[in-house]
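**Student:** Those sequence lines, one after another, are chains A and B.
Just so it is clear: in the first sequence, position 230 is 314 by our numbering, and no numbers are missing.
Just so it is clear: in the second sequence, position 50 is 1425 by our numbering, and no numbers are missing.
Where a beta carbon is used, it is the ideal one built from N, C-alpha and C, also for glycine.
What you are looking at is a predicted structure, and each value in this text was computed from that prediction instead of being measured.
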Amino acid sequence: MTLAVLTTRTRLEERLIFAALERRGIPYAQVDDRSLIHHLGDREVPRYLGVLNRIMSHTRSVYATRLFEATGHQVLNPSNVVETCGDKILTSLALTKAGIPTPRTVVAVTPDAAVEAIEQLGYPAVVKPAVGSWGRLLSKVNDRDAAETLIEHKQSLRSPIHNVYYLQEYIDKPDRDIRVIVLGDEPVAAVYRRSDHWITNTARGATTTSCPLTDDLVSLALRASAAVGGGMLAVDLLERSTGELLVTEVNHTMEFHGLAAATDVDVADLIVTHTLSTLERAA
Amino acid sequence: MTVALSTCPDCTEAVPAAGDVRVASITVCPGCQAELEVISIDPVEYALAPDIEEDFGE
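#1: What would DSSP say about A:G134, mapped onto helix, strand or coil?
#2: B:V1403 CB to nearest chain A CB: under 8 angstroms?
#3: Across which residues does DSSP place A:I46 in a beta bridge pair?
#4: Exposed or buried, A:R107, counting other C-beta atoms within 10 Å across all chains shown (16 or more means buried)?
#5: Looking at A:L343: is its Cβ nearer than 8 angstroms to the Cβ of A:T292?
#6: Below 8 angstroms between beta carbons: does that hold for A:A113 and A:A352?
#7: Closer than 7 angstroms by beta-carbon distance: list the chain C residues that pair up with B:E1388, in chain order.
#8: Can you tell me where the beta strand (DSSP E) with B:E1420 in it begins and where it stops?
#9: With 16 as the cutoff for other CB atoms within 10 Å, does A:R228 come out buried or exposed?
#10: Taking B:A1409 as the query, report the chain A residues whose CB atoms sit under 7 angstroms from its CB, ordered along the chain.
#11: Is the shortest distance between the beta-carbon of A:R131 and the beta-carbons of chain B less than 8 angstroms?
#12: Just to check my reading of the structure: A:R138 and A:L90 have Cβ atoms closer than 8 angstroms, yes? What is that Cβ distance to the nearest angstrom?
#13: Given a limit of 9 angstroms on CB to CB distance, which residues of the region 272–297 of chain A reach chain B?
#14: Determine which residues share a DSSP beta bridge with B:I1401 and list them.
#15: At which residues does the beta strand (DSSP E) containing A:L329 begin and terminate?
#16: Starting from A:T337, find everything on chain B with Cβ-Cβ shorter than 7 angstroms and list it in chain order.
#17: To the nearest angstrom, how far is the alpha carbon of A:P162 from that of A:L329?
#18: Within this structure, are the beta carbons of A:L160 and A:T362 separated by less than 8 angstroms?
#19: Within the 8 angstroms Cβ cut-off, does A:R93 reach chain B?
#20: Given that B:S1399 touches chain A, what residues does it touch there, using C-beta distances under 7 angstroms?
#21: Report the residue from A:V135, A:Y207, A:L354, A:T143 whose alpha carbon sits nearest the alpha carbon of B:A1429.
#22: Out of A:V199, A:H336, A:V190, which one is the CA nearest neighbour of A:Q239?
#23: Does at least one heavy atom of the ligand GDP sit under 7 angstroms from the Cβ of A:S309?
#24: How would you write the range of the alpha helix (DSSP H) that A:L306 sits in, first residue to last?
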């Protein structure tokens, strides 16, 4: 049977994964998420060896994962991990439940409560969409005037998720954050993502350099990975000025073009290895 | 290596494609900077790329 690779776009990461599969002679089918049609209950026998999910939309990813699992497929990452990692509130709940150091986080579900919650956090505070990525719509709020204006603007956005308020203390970090790639129970590589801007995301222009996998980093990345259910994950961390490491988020369909540019680690090949070994263990 | 050439559906500028181009990959039109999606590879054809949606990410 073939391995299904669910995609939205063929980015560098998908090209590298396809190349790794082809080098090994692994039959695969690229399944565009725009082509998915599932007739519920029609098919009881798994059609694919397994499913590697590279869908870019969180919403589509959640449902596609559930649909494939319902037809007996093992999906990497599984739906519970996708659901937790794709929602920053659920991620933070999982991390705090596991006692993992994270920035102080407050959630409010009404505009008035959000302003009060920011006041309680203190300034500057960071407001993030609960669902979203690439550093989009992140706001650093420096005073009450800005808080009130931002919250008013968020009320005018169409999606109801913008009126659930995910708020964090601002971390006065060095000009970088850290991304650790974890595959199963092994952190395989880490990079610093550097930027003059407080948002240190490669989608926002941050550059990457190799980061040593220290014992502390390995331990924290593994704990964060386990807290959200484990799998193939990118754990993002910040450093306080004291050096304390804080986990900010865990990504379930990680991009690794920045890491590929900064290290010799062949993440795509390792993803294929992890995928095949996981499917083999489950068979 | 550039081996294929098709045109931008928006401005008709010729858009080169790499030899290992794949369906659903994204390129930028050198003429109008529009994001284009590769919709076929034999021959290479482009369509305007779908917008990035609000919940896109990793």
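**Tutor:** This is what the structure holds:
#1: By one-based count along the first sequence, residue 134 of chain A stands at place 50. Strand at A:G134.
#2: Walking along the second sequence from the start, residue 1403 of chain B turns up at place 28. No - not a single Cβ of chain A is within 8 angstroms of the one on B:V1403.
#3: This structure gives no information on residue 46 of chain A, because the portion of chain A shown stretches from 85 to 367.
#4: Residue mapping note: residue 107 of chain A aligns to position 23 of the first sequence, counting from 1. A:R107 is exposed by the Cβ-count criterion.
#5: To locate residue 343 of chain A, count along the first sequence from 1; it is residue 259. To locate residue 292 of chain A, count along the first sequence from 1; it is residue 208. Closer than 8 angstroms, so yes.
#6: As a position in the first sequence, residue 113 of chain A is number 29, starting the count at 1. As a position in the first sequence, residue 352 of chain A is number 268, starting the count at 1. Taking the C-beta atoms as reference points, A:A352 is found no nearer than 8 angstroms to A:A113.
#7: The question asks about chain C, but that chain is absent: this structure's protein chains are A and B.
#8: Within the second sequence, residue 1420 of chain B is the residue found at index 45, counting from 1. Segment 1419–1423, the beta strand (DSSP E) holding B:E1420.
#9: Position 144 of the first sequence, counted from the first residue, corresponds to residue 228 of chain A. With fewer than 16 neighbouring CB atoms inside 10 Å of its own CB, A:R228 falls in the exposed class.
#10: As a first step, residue 1409 of chain B must be located in the second sequence, where it is residue number 34. Here the premise fails: no neighbours, minimum Cβ distance about 15 angstroms.
#11: As a working note, residue 131 of chain A is residue 47 in the first sequence. No Cβ of chain B is located within less than 8 angstroms of the beta carbon of A:R131.
#12: In the first sequence, residue 138 of chain A corresponds to position 54, counting from 1. In the first sequence, residue 90 of chain A corresponds to position 6, counting from 1. Right, their Cβ atoms sit about 6 angstroms apart.
#13: A287
#14: Locating residue 1401 of chain B in the second sequence gives position 26, counting from the first residue. DSSP, once it has assigned bridges, lists B:E1412 as partnering B:I1401.
#15: Numbered from 1 along the first sequence, position 245 holds the residue referred to as residue 329 of chain A. It spans 329–335 - the beta strand (DSSP E) in which A:L329 sits, taken as one unbroken run.
#16: By one-based count along the first sequence, residue 337 of chain A stands at place 253. Simply E1433.
#17: Taking the first sequence and counting its residues from 1, one reaches residue 162 of chain A at position 78. Taking the first sequence and counting its residues from 1, one reaches residue 329 of chain A at position 245. So the alpha carbons of these two residues sit roughly 27 angstroms apart.
#18: Here residue 160 of chain A refers to the residue found at position 76 of the first sequence. Here residue 362 of chain A refers to the residue found at position 278 of the first sequence. Yes, the pair counts as a contact, with Cβ atoms nearer than the cut-off.
#19: Walking along the first sequence from the start, residue 93 of chain A turns up at place 9. Judged by the 8 angstroms Cβ criterion, A:R93 is in contact with chain B.
#20: Here residue 1399 of chain B refers to the residue found at position 24 of the second sequence. Before going on, a small fix: residue 1399 of chain B reads as Ala here, not Ser. Near B:A1399 (Cβ distances below 7 angstroms), the residues of chain A are T91, R93, T94, D116.
#21: For the purposes of this step, residue 1429 of chain B is taken as residue 54 along the second sequence, with counting starting at 1. Before going on, a small fix: residue 1429 of chain B reads as Glu here, not Ala. Ranking A:V135, A:Y207, A:L354, A:T143 by Cα distance to B:E1429 puts A:T143 first.
#22: Reading the first sequence from its first residue, position 155 is the one you call residue 239 of chain A. Here the closest residue by C-alpha is A:V199.
#23: Of ligands this structure carries none, so the ligand GDP is not represented either.
#24: In the first sequence, counting from the first residue as 1, residue 306 of chain A sits at position 222. Residues 299–311.
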